[in-house]
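To keep things clear, I will list the structure first and then write my remarks on it.
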Ligand SMILES: [Ca+2]
């Protein structure tokens, strides 16, 4: 996601138990409060409204694509988070005064979370023409760190654009990206950030067959973020590994959708909802 995001306030607390120096403190804290389990976090959306801050994790949302009435519109308490877009919001891509694209988000965010974590969401209807459905980490200080899964039915910048997208012989495209200590490339007028690593792909099942997620089913999307590598899994199947460019700093975890210029034109009418059953963050320290 090669555009700057300035509205996420970076929080200083770190959910990671990564550094040995912190472990003594964490053990001390765990003995004080049994509810504090460093490096482990789960939210199932069973309670209406904003999830409370706990374990150093704070929540936020962005409704740039389709405004919502508040937290209970996104998390009504029935066990799901609803991230919805109206087709009217996708009619065209708006331009910012500097000529660049304005690419609005519809997302939930939580964090910060450090490396040595497995970040998973269980979600349905993630292949929506006109947007990328996303699970990503993001940190912006003077430089940008980011890890992305970006799902769209037909990536219009892919080599096979125009391919079938449904369950009858079609498949869903996906991009995996990382940025670490990235800055704008002065020699590149698009203002893109470097260094970055990107792998464009299709969602693969355990047999290596590309599959469609326009199937009305829930699926698991997972980022395994270690200091030496980022592994991307979908439904437990490793899709790609990135080990050249791996971010270090604790980041916000963000999921939902974003209008993207390569996500195609929305041919549907009305509202589409990415439904999220839960988010789970596990420590990889002992694996
Ligand atoms: Ca749930």
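Numbering (the numbering used here), first residue to last: 1 to 287. Note that the Cβ used here is the ideal one computed from N, Cα and C, for glycine as well. Note that the structure is a prediction, hence the values are computed from the model and not measured.
Determine the closest residue to residue i out of the options, with distance taken between C-alpha atoms.
i, options, result
"residue 244", "275, 96, 179 and 262", "179"
"residue 192", "100, 58 and 131", "100"
"residue 55", "172, 93, 166 and 42", "42"
"residue 286", "64, 116, 198 and 96", "116"
"residue 76", "206, 233 and 44", "44"
"residue 206", "237, 258 and 226", "237"
"residue 198", "171, 218, 246 and 234", "246"
"residue 280", "92, 259, 241 and 123", "123"
"residue 80", "276, 70 and 284", "276"
"residue 102", "153, 112, 89 and 266", "89"
"residue 170", "184, 183 and 155", "155"
"residue 235", "181, 255, 252 and 213", "213"
"residue 233", "92, 201 and 161", "201"
"residue 252", "59, 229 and 231", "59"
Hey, would you say the C-beta of residue i is under 7 angstroms away from at least one heavy atom of ligand 1?
i, result
"residue 179", "no"
"residue 278", "yes"
"residue 46", "yes"
"residue 77", "no"
"residue 80", "yes"
Run through DSSP, which three-state label would residue i get?
i, result
"residue 120", "strand"
"residue 251", "strand"
"residue 72", "helix"
"residue 89", "helix"
"residue 161", "coil"
"residue 53", "coil"
"residue 82", "strand"
"residue 213", "coil"
"residue 115", "coil"
"residue 225", "strand"
"residue 284", "coil"
"residue 156", "coil"
"residue 65", "coil"
"residue 313", "Coverage of the chain is limited to positions 1 through 287, which leaves residue 313 absent and any answer about it impossible."
"residue 31", "Summary for residue 31: the model assigns pLDDT 39, below 50, so the residue's position carries little reliability; its value from the coordinates is reported in the next sentence. It is helical."
"residue 3", "Residue confidence for residue 3 is low, a pLDDT of 44 falling below 50, so the modelled location carries little weight; the figure read from the coordinates is stated next. If DSSP states are grouped into helix, strand and coil, residue 3 belongs with coil."
Taking the beta strand (DSSP E) that residue i falls in, what are its first and last residues?
i, result
"residue 237", "237-242"
"residue 135", "131-140"
"residue 100", "Taken as a continuous stretch (DSSP letters only), residue 100 belongs to no beta strand (DSSP E), as it is neither H nor E."
"residue 168", "Counting along the chain, residue 168 falls outside any beta strand (DSSP E), and DSSP gives it neither H nor E."
"residue 193", "193-202"
"residue 184", "173-184"
Meets three-Cβ-pair contact criterion under 8 angstroms: the region 147-158 and the region 95-108:
no
| message | Counting beta carbon pairs with one atom in the region 265-282 and one in the region 84-91, are three or more of them shorter than 8 angstroms? | response | yes
* Answer yes if the region 116-127 comes into contact with the region 223-237, meaning at least three C-beta pairs across the two stretches below 8 angstroms, and no otherwise. => yes
### Task
Kindly confirm or deny that the region 249-263 and the region 122-140 touch, where touching means at least three C-beta pairs closer than 8 angstroms.
yes
Quick test of the definition: if touching needs 3 or more C-beta pairs under 8 angstroms, does the region 208-215 touch the region 138-147? no
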